[in-house]
Amino acid sequence: MTKYFSSTCLRSFTFILLVFLLSGREALFAQTNSARVQADTAVRPNYKRLRGIFAGQSALYLGTLYGLSRSWYKNPLTNFTIKDDTYEWLQMDKMGHLYTSYQIARHTAAIYRKTGISKKQMLIYGAVSGIIFQTPIEILDGFSPDYGFSPGDMVANMAGSAIYLLQVAWWDEPRIQPKFSFHSTRLAAVRPGLLGSNPYERWLKDYNGQTYWLSASPGTFFKGSGWPEWLCISVGYGIHDMVSAEQSKSKEMGYVPYRQFYLSLDIDLTRIKTRSKFVRTLGFLAGSLKIPAPALQIDKNGFGFKPFYF
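Sequential numbering from 977 applies to the sequence shown in my numbering.
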């Protein structure tokens, strides 16, 4: 079974890291409205701030790994094993790994940009962080008798960081953004131990309520088209009736799992012009989430319309 705690730990770590770095005297995420990356300059990097960020990241990450090893890996670690879990959860957990890796890369790059390092260094730190933050957890899984190292998870981790790195390297800005949304489902009550017994756990554990999106604005690809760069078209992926990691077990319980696809509008808050650093910072953070909006749903039952979907 796919281990939920890894996703929980990673998302929590990302949030804690952001809070820590935002607690300084100025907003580290202050940026241009278009979220464009600074070009390479000869400006001397702020090494004091750079060392502080390194120290903060290291301390938080080591603490996260320590807590994970003590609270989750309760059985003694054994020989390293590999497990193919790509068939589980209709690949929704892999979407979670890709999304998490992308967001870590995006946030880390934005943090390092404020130190004055070059664009190349910023990209390397951001992309590598998305992989490094997750790889030790995957390795611990490999030595755990309960799980095993997942090649699928590692591919998704690398893909998330690559999506960020390649876009910024090519376009000087991320134009296609992985995003996340969640709504409560009745299925969590069927297996609360697996899908969550309270709202916070369900947000992390109930894949039936999660939707992963790719949002992009045609205006960023077709300059001068008149399409607002902040108005995005978003394509989403979700699942339903999965009360177990495996389809066969869900069917044994009377459920028939299936995939869901969505088409909706979204807003890129980082492209809305404002002079307020605080508002730009909030827009950057909120950019990890899909804005609630009407959506067209496509699944085995045909087409459906959601007047307000999140």
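Glycine is no exception: its CB is placed at the ideal position from the N, C-alpha and C atoms.
Residue i, buried or exposed, once every other Cβ within 10 Å from all chains shown has been counted against 16
i: Lys1199; result: exposed
i: Met936; result: The structure shown does not extend to residue 936, since the chain spans only 977 to 1286, so no value can be given for it.
i: Leu1180; result: buried
i: Thr1017; result: Because the pLDDT at Thr1017 is just 43, under 50, the model does not fix this residue reliably, and the point stays unresolved.
i: Ala1086; result: buried
i: Leu1004; result: In this predicted model, Leu1004 has a pLDDT of only 39, less than 50, meaning its place in the structure is not dependable; the value taken from the coordinates is given anyway. When all chains shown are included, Leu1004 counts as buried.
i: Thr1076; result: buried
i: Arg1020; result: exposed
i: Arg1027; result: exposed
i: Ile1058; result: exposed
i: Gly1169; result: exposed
i: Asp1069; result: buried
i: Ser1226; result: buried
i: Asp1060; result: exposed
i: Lys1266; result: buried
DSSP three-state assignment for residue i, whether helix, strand or coil
i: Ser1240; result: strand
i: Phe1260; result: helix
i: Trp1189; result: strand
i: Ile1248; result: coil
i: Pro1154; result: strand
i: Phe1056; result: coil
i: Pro1268; result: coil
i: Phe1125; result: strand
i: Val1211; result: strand
i: Lys1253; result: helix
i: Phe1030; result: helix
i: Pro1287; result: This structure leaves residue 1287 out entirely; the chain is present only between 977 and 1286.
i: Arg1235; result: strand
i: His1159; result: coil
i: Gly1278; result: strand
i: Gln1110; result: coil
Beta-carbon proximity check, residue i vs residue j, cutoff 8 Å
i: Asn1184; j: His1216; result: yes
i: Ser1210; j: Leu1241; result: yes
i: Asp1151; j: Thr1084; result: The sequence given here places Arg at residue 1151; Asp does not occur at that position. No, these two residues do not count as a Cβ contact at 8 Å.
i: Ser1160; j: Asp1244; result: no
i: Leu1190; j: Ala1135; result: no
i: Tyr1129; j: Glu1114; result: According to the sequence displayed, residue 1129 carries Asp and not Tyr. Their beta carbons are under 8 Å apart, which means Asp1129 touches Glu1114 by this criterion.
i: Tyr1234; j: Tyr1213; result: no
i: Gln1110; j: Asn1133; result: yes
i: Phe1284; j: Pro1270; result: yes
i: Ser1034; j: Ala1081; result: no
i: Thr1246; j: Gly1263; result: yes
i: Asn1051; j: Pro1112; result: no
Cβ distance (whole Å) where residue i is taken to contact residue j below 8 Å
i: Pro1268; j: Phe1286; result: 4 Å
i: Asp1275; j: Gln1236; result: 5 Å
Within-8 Å CB hit, residue i to chain C
i: Phe1198; result: Of the protein chains in this structure there is only one, and it is not chain C.
Quiz item: Counting Cβ pairs, one atom from each stretch, are 3 or more of them under 8 Å apart for the segment 1204-1219 and the segment 1101-1108?
Solution: no
Quiz item: Do three or more CB pairs link the segment 1137-1155 to the segment 1176-1183 at distances below 8 Å?
Solution: no
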